[in-house]
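Participant: Let me begin by handing over the structure; questions about it come next.
Number of protein chains: 2
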Amino acid sequence: MLAERGYLGLNMERIAEAIEYSKGTVYQHFASKEDLIAALCNDTAAARAEMFRKAASFDGRTRERVLAIGVADAIFIRRHPDHFAVESILDLESIASKITDERREQWIRTKSAMMDVLTQIVRDAIDAGDLRLPEGTPLCAPLYGLWTQSVGHYRITSSEPLPPFENVDLRRVLWQNYGRILDGYGWRPLSGDWDYGASANQISESVFGEPAPEGIAR
Amino acid sequence: MLAERGYLGLNMERIAEAIEYSKGTVYQHFASKEDLIAALCNDTAAARAEMFRKAASFDGRTRERVLAIGVADAIFIRRHPDHFAVESILDLESIASKITDERREQWIRTKSAMMDVLTQIVRDAIDAGDLRLPEGTPLCAPLYGLWTQSVGHYRITSSEPLPPFENVDLRRVLWQNYGRILDGYGWRPLSGDWDYGASANQISESVFGEPAPEGIAR
DNA sequence: TCAAATTTTGACGATACTTCAGCAATGGTC
DNA sequence: GACCATTGCTGAAGTATCGTCAAAATTTGA
Chain A
-19 MLAERGYLGL NMERIAEAIE YSKGTVYQHF ASKEDLIAAL CNDTAAARAE
31 MFRKAASFDG RTRERVLAIG VADAIFIRRH PDHFAVESIL DLESIASKIT
81 DERREQWIRT KSAMMDVLTQ IVRDAIDAGD LRLPEGTPLC APLYGLWTQS
131 VGHYRITSSE PLPPFENVDL RRVLWQNYGR ILDGYGWRPL SGDWDYGASA
181 NQISESVFGE PAPEGIAR
Chain F
-19 MLAERGYLGL NMERIAEAIE YSKGTVYQHF ASKEDLIAAL CNDTAAARAE
31 MFRKAASFDG RTRERVLAIG VADAIFIRRH PDHFAVESIL DLESIASKIT
81 DERREQWIRT KSAMMDVLTQ IVRDAIDAGD LRLPEGTPLC APLYGLWTQS
131 VGHYRITSSE PLPPFENVDL RRVLWQNYGR ILDGYGWRPL SGDWDYGASA
181 NQISESVFGE PAPEGIAR
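In order, the protein sequence lines correspond to chains A and F. Numbering-wise, my numbering puts 109 at position 129 of the first sequence, and it's gapless, one number per residue. Numbering-wise, my numbering puts -17 at position 3 of the second sequence, and it's gapless, one number per residue.
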């Protein structure tokens, strides 16, 4: 229902019908309609976190492991194309406030775990000598650049494309920009010195057992 | 009402009371509650587009003009801290579908105009020799990197900060990352060769007549 | 076998969007 | 000043849906 008709199209009465119980029973499990949406979202987010963990354990250069996270992200979106549309419902303050504390805490735990996986790669990169951060730059800085782009890209592409971008493959541009920012940080090997397209294919097959999504490797 | 209580807190009855007309009259001007929100949002977006136009006309190096857009963005957020929270309501598909075509078209026109301003700067940069894009890279690529980060940053910071980021000044990190990606594209002068902090202050004062927001210049 | 405990039910109350038939005000004409 | 046409305004009524809760149904276990 959420995927087809969105927040306003999700109807507690119809859910009760679909599961062949009554509305009251649904409310025994979820405090509100919003709480139910949060529960759905938590399930998918947990699957996403697990994919990130697997990706980070790829055995290769640290920048390849960052790439592996990107591949995991792309495969996740292919598997769960509606996840972010659901998540963005919960970002509205007036809706988030109707979620139970328990579920909200689970949400934060899952997201934090994902971030920790990424931060550890940065730490490993510094230890391995692949990356040097200037004095005063927080560890999370490079991954924040990737994360903001990923989130922003989803937001932008989930609505109608604007005329200036109609004929542009934005996913390819996004991936180029991931490379640019890591190059900007001097995270080695730089994109000119390594075939990351080949790495992406290898990661996709060896970690997730499926081909890399379109537009990621060339 | 939107700023204080969000989408669910906006009440057509209370709007009618506040303006001292009846509900029916409100509906003479807006097709639905969602349409009213879209109208509010269009007004603010038009103000934003105007600020971008002013910023782009700054008389300086092309990369300074990009910086000027960033300064405009930051000042805009200071002036309209609730704008993006409202905009994100309209991004929900089930809500966007209740907006009249007229207002939706105005929305697209305003946004496209903003993008065109940015694309023109990229064009000028190439003409001036400040930037060289590799064969096959679309003109919008560098600005897409900035735009996705800006959108993503707003999204991320509009909800509770996650534990790994609690003590990090994310806005400062964002601005550093803007620099990194432009450096990654080799857009001159590189951040090591120019005092962009000083430029930001100068732009802020000369274009908008107010000091630069915290965390942008050092 | 049966009473206590648990689960389920669906009618009901509450809230809020949206409509529309009718009323009020305005402006123009003679 | 009377009249009418047009425009603007009203708020009760219609509709939809969330969330509750007392009562009914079912299960448990002694």
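Virtual Cβ for every residue (Gly too), placed ideally from N, Cα, C.
Which residue from A:Ile88, A:Pro191, A:Ile69 puts its Cα closest to that of Pro141 of chain F?
Facilitator: As a working mapping, residue 141 of chain F is identified with position 161 in the second sequence. Pro141 of chain F has its Cα closest to that of A:Ile88, out of A:Ile88, A:Pro191, A:Ile69.
Participant: Excluding the five sequence neighbours on either side, which residues of its own chain have a C-beta within less than 6 Å of the C-beta of Glu14 of chain F, listed in chain order?
Facilitator: The residue given as residue 14 of chain F occupies position 34 in the second sequence. Taken in chain order, the residues that qualify are Ile75, Lys78, Ile79.
Participant: Can you find at least 3 beta carbon pairs, one from the region 108 to 126 of chain F and one from the region 40 to 49 of chain F, that sit closer than 8 Å?
Facilitator: yes
Participant: Does the Cβ-Cβ distance between Ala35 of chain F and Ala27 of chain F come in under 7 Å?
Facilitator: Numbered from its first residue, the second sequence carries residue 35 of chain F at position 55. Numbered from its first residue, the second sequence carries residue 27 of chain F at position 47. The answer is no: Cβ separation not under 7 Å.
Participant: Across the region 119 to 134 of chain F and the region 128 to 141 of chain A, are there enough close Cβ pairs to call them in contact, namely three or more that are closer than 8 Å?
Facilitator: Judged by Cβ distances under 8 Å, the region 119 to 134 of chain F makes contact with the region 128 to 141 of chain A, as three or more pairs qualify.
Participant: Buried or exposed: which applies to Met(-19) of chain F, given that a residue is buried once 16 or more other Cβ atoms fall within 10 Å of its Cβ?
Facilitator: Taking the second sequence and counting its residues from 1, one reaches residue -19 of chain F at position 1. Per the 10 Å Cβ criterion, exposed.
Participant: Does any CB atom of chain F fall closer than 7 Å to the CB of Ala25 of chain A?
Facilitator: Here residue 25 of chain A is taken as the residue at index 45 of the first sequence, counted from 1. No - not a single Cβ of chain F is within 7 Å of the one on Ala25 of chain A.
Participant: For Val51 of chain F and Ile161 of chain F, which I take to be in contact (beta-carbon distance under 8 Å), what is that distance rounded to the nearest angstrom?
Facilitator: Sequence index remark: in the second sequence, residue 51 of chain F carries index 71 (1-based). Sequence index remark: in the second sequence, residue 161 of chain F carries index 181 (1-based). Wrong, their Cβ atoms sit about 17 Å apart, outside the cutoff.
Participant: Are Ala(-17) of chain F and Asp71 of chain F touching if we call contact CB-CB under 7 Å?
Facilitator: Within the second sequence, the letter at position 3 stands for residue -17 of chain F. Within the second sequence, the letter at position 91 stands for residue 71 of chain F. No; because the gap between Cβ atoms is not below 7 Å, this pair is not in contact.
Participant: Anyone know if the C-beta pair for Met201 of chain F and Phe32 of chain F falls short of 7 Å?
Facilitator: Lying outside -19 to 198, the shown extent of chain F, residue 201 of chain F is not represented and no answer is given.
Participant: Quick check: the region 151 to 161 of chain A against the region 149 to 167 of chain F, are at least 3 beta-carbon pairs closer than 8 Å?
Facilitator: yes
Participant: So which residues of chain A does Lys91 of chain F contact, with C-beta pairs closer than 7 Å?
Facilitator: Within the second sequence, the letter at position 111 stands for residue 91 of chain F. In chain order: Leu142.
Participant: Please state whether the Cβ-Cβ distance between Gly230 of chain A and Glu73 of chain F is less than 7 Å.
Facilitator: This structure cannot settle anything about residue 230 of chain A, because the visible part of chain A is limited to -19 through 198.
Participant: Taking just the CA atoms, how far does Tyr7 of chain F sit from Phe56 of chain A?
Facilitator: If you number the first sequence from 1, residue 56 of chain A lands on position 76. If you number the second sequence from 1, residue 7 of chain F lands on position 27. So the alpha carbons of these two residues sit roughly 43 Å apart.
Participant: Closer than 6 Å by C-beta to Arg152 of chain A: which residues in its own chain qualify, once you throw out the five before and the five after it? Chain order, please.
Facilitator: One-based indexing of the first sequence puts residue 152 of chain A at position 172. Answer for Arg152 of chain A: Gly195, listed in chain order.
Participant: Give me the residue from F:Ser139, F:Pro114, F:Leu154, F:Glu85 with the minimum Cα distance to Thr117 of chain A.
Facilitator: Working through the first sequence from its first residue, we reach residue 117 of chain A at position 137. When each option's Cα is compared against that of Thr117 of chain A, the closest is F:Leu154.
Participant: Let's see if you can read the secondary structure: which residues bound the alpha helix (DSSP H) around Ile(-1) of chain A?
Facilitator: Working through the first sequence from its first residue, we reach residue -1 of chain A at position 19. First-last of the alpha helix (DSSP H) with Ile(-1) of chain A: -8 to -1.
Participant: Got a sec, what are the start and stop residues for the alpha helix (DSSP H) Glu(-16) of chain A sits in?
Facilitator: Taking the first residue of the first sequence as position 1, residue -16 of chain A is located at position 4. First-last of the alpha helix (DSSP H) with Glu(-16) of chain A: -18 to -11.
Participant: In whole angstroms, what is the alpha-carbon distance linking Arg103 of chain F and Arg168 of chain F?
Facilitator: Here residue 103 of chain F corresponds to residue number 123 of the second sequence, with the count starting at 1. Here residue 168 of chain F corresponds to residue number 188 of the second sequence, with the count starting at 1. Cα-Cα distance, rounded: 14 Å.
Participant: Any Cβ of chain A within less than 7 Å of the Cβ of Arg112 of chain F?
Facilitator: For the purposes of this step, residue 112 of chain F is identified with residue 132 of the second sequence, where counting begins at 1. No, no contact with chain A.
Participant: At least one CB of chain F closer than 7 Å to the CB of Gly125 of chain A: is that the case?
Facilitator: In the first sequence, residue 125 of chain A corresponds to position 145, counting from 1. True, the Cβ-Cβ gap to chain F drops below 7 Å.
Participant: Residues of chain A with a CB under 7 Å from the CB of Pro118 of chain F: which are they?
Facilitator: Residue 118 of chain F sits at position 138 when you count from the first residue of the second sequence. Correct list: Val148, Val153.
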